[in-house]
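Q:
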Amino acid sequence: MEELILNLKKQIIEVLNLEEIKPEDIDENAPLFGEGLALDSIDALELIVLMEKNYGIKIKDPNEGKEIFKSVRVMAEYIEQHRTK
Amino acid sequence: MVVKIADNILSPLGVTTAENYQALKSGKSALRLHDCRGAVTQPFYASIIDEDKLRVGESYTKFERMCIQSVETALAQTDLDAASDRVLFILSTTKGNVHRIGTEESPLLGDSAKVVAGYFGNTVPPMVVSNACISGVCAQIAAMRALELGLYDYVVVVGADVQSDFIITGFQSLKALSDEACKPFDAHRKGLNLGEAAATIIYTKSDKAPEARWNMVCGAVRNDANHISGPSRTGEGSWLVLRDVMRHLDIDELAFVNAHGTATLYNDEMESIAISRAGLADIPVNSLKGYYGHTMGAAGIVETLISMNAVDDNTVLATRNYEQLGVSHALQVSNRNGSTEKKAFIKLISGFGGCNAAAGFRRIDK
Amino acid sequence: MINNWVRIKSGYGPSVEEIYKDRIGSYAKFYKMDPLSRLGFVASELLLDAEGSRDREWGETRGVVLMNATSSLADDRNYQRTIVGDDAFPSPSLFVYTLPNVVTGEIAIRNRYYGETNFFVLPGADPEQMSKVIEMSFCDDKLQSLLTGWIDCEDEEHYDALMFIANRTVCGRRAELAEEIAALFEKEIKY
């Protein structure tokens, strides 16, 4: 799980172009959206792409994403349960 | 005073403005479910022009053929010499020949504009307005200004977009498309549909066309300064453009506001706030997206022309597929054709990049 | 008529990203932008520093109207690469920048400009045609000043931005304005 969390942080930084952020700057238990990383609706859509591309998880409804993208840890737990690759 | 002297709409519903208007009045829609193709891996609802029905030479791209046929049909209504250096061509498009990216042929919009103007022998450097979804209204505003400043005597405004794999996959990635025919302003709306059309409107000043019946009265463009792809939650820019055009129009002369009404959750909600904030909540509001989908670079021109025809016919067209109000501010949206004696309307539109435009049009009765 | 202007061109001086790091910084959104928006954003920031009117609330009185020949070609190519092949994943964050006018929105957002934003694609950088577009923009009677100019970005190695502030003094002086624009294109790089 800890390895998955670290990989996920690296992937998020890469796909969302968080140039000045390092994996250790992201608290896996903190809310991903809202304050902190200043992510927006386009970032949420890009995370949906990340889930499908890297883990084979299809998210059809962006509203579903809201629950899954609560924090990096919630995301990682979801991936553990649902990944197909 | 800037007036319209000729026009055309080319769409799956017809090859003249009159055919298009009659199709809408009788409730026809061009929206169909289309299968996956090329890079498009999910089926999609859209209104697509059958290329076999286009008249102009096959050496041109579909985009250019649509533009040329539309302009040619409009020009045939006038005795205008389109090759004159007093005639400016303004092309309104978002993506033009974008399918050419990755090939040896030019995808540049300026090159397409030269092909279209050049077809009619016109060598004046053309302008392309590429201001996202509001391009069609911005192009008309640009035409009005070019005429008022005396830069040209006639402006041919032509708007078009082709629904390439590029655009369809993009809107799918934004999760913005509805998997059924779109429902503007409705409580159960799920997103937009894409559409194809080309439309032309030729403007001049009234001293050159005393018989003209439609006056483009005013137009304004404002930014939300909020987000590049999400509409403002306060309807800021849209409210500002409505407020601006209302300086030149009387509320009592308005037949309707023809809204953008894409049927995305946020756009329609934003427009309801803006229209209500501008004090226009009692004026009938309609959206034409349920007939055509979102025709992008053509939308502002198609919807202006249909609205002119509706006023000519004393009609407020129905918002197709609308059943139950699904926006926070009560608007007078109708799902059936209504009647009106009023002679003016507002075309309202919004787009990515936070841009919003409105234009006011008035019928001249002699 | 043009007092404040900026010229950034590929092959001369530091890259757009280097200018951002040296002179601007602290706008994380820069890294999410496509090459055209990055170029326009950096040019506008330098221009506004030169103008020295950051504190003013411009509201509807300032607009952003930019022009180029290649539209959003750099980002169009980047997005296109995400839709081809068997294992394609179209990128929403690249797609939203496949419209040239998004850069005008980025500048409006950064500076809270509510005035007109518009984008014209022209066959080439023709100062006469550019001066027409600028004078047309001032037909909006609320507009007092305009961030405008040429901003072309074919790809990350080929770009050219000449951005300047025009005000209502240009109205009715189109020929002079065209001459000034032509002269600026001839001058050295300034950023």
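Residue numbers (the numbering used here), protein chains in the order written: chain Z, 1 to 85; chain F, 1001 to 1366; chain P, 2001 to 2191.
Quick reminder that beta carbons are idealized off the backbone N, C-alpha and C, glycines included.
Treat the numbers as computed from the prediction; the structure is a model and nothing was measured.
1) Give me the chain P residues within the contact set of Z:Ile42, using Cβ-Cβ distance strictly less than 7 Å, ordered along the chain.
2) To the nearest angstrom, how far is it from the Cα of P:Gly2025 to the Cα of Z:Asp61?
3) I want to see whether chain F comes within less than 8 Å of Z:Pro31, judged by CB atoms only; does it?
4) Give me the residue from Z:Ala76, Z:Val49, Z:Phe69 with the minimum Cα distance to Z:Asn7.
5) Since F:Lys1347 and F:Gly1300 are thought to touch, with beta carbons under 8 Å apart, how far apart are those beta carbons, to the nearest angstrom?
6) What are the boundary residues of the beta strand (DSSP E) that P:Gly2052 is part of?
7) Residues of chain P with CB under 8 Å from F:Glu1148, in chain order?
8) Count the other CB atoms, across all protein chains shown, that sit within 10 Å of the CB of F:Cys1036; report buried if there are 16 or more and exposed otherwise.
9) Could you compute how far the alpha carbon of F:Thr1073 sits from the alpha carbon of F:Asn1008?
10) So within the stretch 1181 to 1205 of chain F, which uninterrupted alpha helix (DSSP H) runs reach at least 4 residues, ignoring any that extend past its ends?
11) Can you tell me whether P:Pro2090 is buried or exposed, with buried defined as 16 or more other CB within 10 angstroms of its CB?
12) Cβ closer than 7 Å: which chain P residues qualify as neighbours of Z:Asn63?
13) With 8 Å set as the bound, which would you pick, yes or no: does the beta-carbon of Z:Glu14 sit closer than that to a beta-carbon of chain P?
14) For a minimum of 3 consecutive residues, which ranges assigned as the beta strand (DSSP E) are wholly contained in the stretch 2046 to 2117 of chain P?
15) I need the boundaries of the beta strand (DSSP E) containing P:Ala2161, first residue and last residue.
16) Give, in chain order, every unbroken run of the beta strand (DSSP E) that is at least 3 residues long and sits entirely within the stretch 1212 to 1247 of chain F.
17) Could you check the C-alpha separation between P:Ser2015 and F:Asp1111 for me, to the nearest Å?
18) Got a sec? Which residues, its chain only, sit under 6 Å from F:His1099 by beta carbon, not counting five neighbours each side?
19) Nearest to P:Leu2073 by CA position, among P:Asn2111, P:Ile2165, P:Pro2100, is which residue?
20) Take P:Thr2061 and list the residues in its own chain whose beta-carbon comes closer than 8 Å to its own, dropping the five residues that flank it on each side.
21) How close, in whole Å, do the beta carbons of P:Thr2117 and P:Val2064 come, if the pair is a contact with beta carbons under 8 Å?
22) Less than 8 Å between the CB atoms is what I'm expecting for F:Leu1194 and P:Phe2095, so what's the real figure, rounded?
23) Where does the unbroken beta strand (DSSP E) through P:Asp2155 begin, and where does it stop?
24) Express the C-alpha separation of F:Gly1159 and F:Lys1205 in angstroms, rounding to a whole number.
25) Taking only beta-carbon positions, decide if Z:Val74 is within less than 8 Å of chain P.
26) In three-state terms, what does DSSP make of F:Asn1309?
27) Report the residues of the stretch 19 to 30 of chain Z with a CB closer than 7 Å to any CB of chain P, ordered along the chain.
28) Sorted by chain position, which residues of the same chain lie with C-beta nearer than 7 Å to P:Glu2045's C-beta, five sequence neighbours on each side aside?
29) Are the stretch 1311 to 1329 of chain F and the stretch 1251 to 1270 of chain F touching, with three or more C-beta to C-beta distances below 8 Å?
30) Whose Cβ in chain F lies nearer than 8 Å to the Cβ of P:Gly2115?
31) Helix, strand or coil for F:Cys1355 per DSSP?
32) For the alpha helix (DSSP H) holding F:His1034, just list the boundary residues, first then last.
33) Against Z:Lys53, what residues of chain P qualify as contacts under a CB-to-CB distance less than 7 Å, listed in chain order?
34) Following the continuous beta strand (DSSP E) through P:Ser2015, name the residue where it begins and the one where it ends.
35) State the CB to CB distance for the pair P:Gly2105 and F:Cys1355, rounded to an integer number of angstroms; the pair is presumed to be in contact (CB under 8 Å).
36) Starting from the beta carbon of P:Lys2032, find every residue of chain Z whose beta carbon is closer than 7 Å, and list them in chain order.
A: In short:
1) Pro2092, Ser2093, Val2096
2) 36 Å
3) no
4) Closest by C-alpha distance to Z:Asn7, out of Z:Ala76, Z:Val49, Z:Phe69, is Z:Ala76.
5) 7 Å
6) Element bounds for P:Gly2052: n/a, residue is neither H nor E.
7) Those within 8 Å of F:Glu1148 in chain P are Cys2139.
8) exposed
9) Within the model, the alpha-carbon separation for F:Thr1073 versus F:Asn1008 is close to 6 Å.
10) none
11) buried
12) Under the 7 Å cutoff, chain P gives no residues; its nearest Cβ is about 16 Å from Z:Asn63.
13) no
14) 2062 to 2068
15) 2158 to 2167
16) 1214 to 1223
17) 29 Å
18) Ser1164
19) P:Pro2100
20) Gly2115, Lys2142, Leu2143, Gln2144, Ser2145
21) Yes, P:Thr2117 and P:Val2064 are in contact; Cβ-Cβ is about 5 Å, under 8 Å.
22) Between P:Phe2095 and F:Leu1194 the Cβ distance is about 13 Å, and since that is not below 8 Å, they are no contact.
23) DSSP places P:Asp2155 in the uninterrupted beta strand (DSSP E) bounded by 2145 to 2155.
24) 21 Å
25) no
26) helix
27) Glu19, Glu20
28) Ile2024
29) yes
30) Arg1222, Asn1223
31) strand
32) Looking at the DSSP string, F:His1034 is not in any alpha helix (DSSP H); the run it does join, the beta strand (DSSP E), is 1032 to 1034.
33) Phe2089
34) Looking at the DSSP string, P:Ser2015 is not in any beta strand (DSSP E), and its letter there is neither H nor E.
35) 7 Å
36) Asn17
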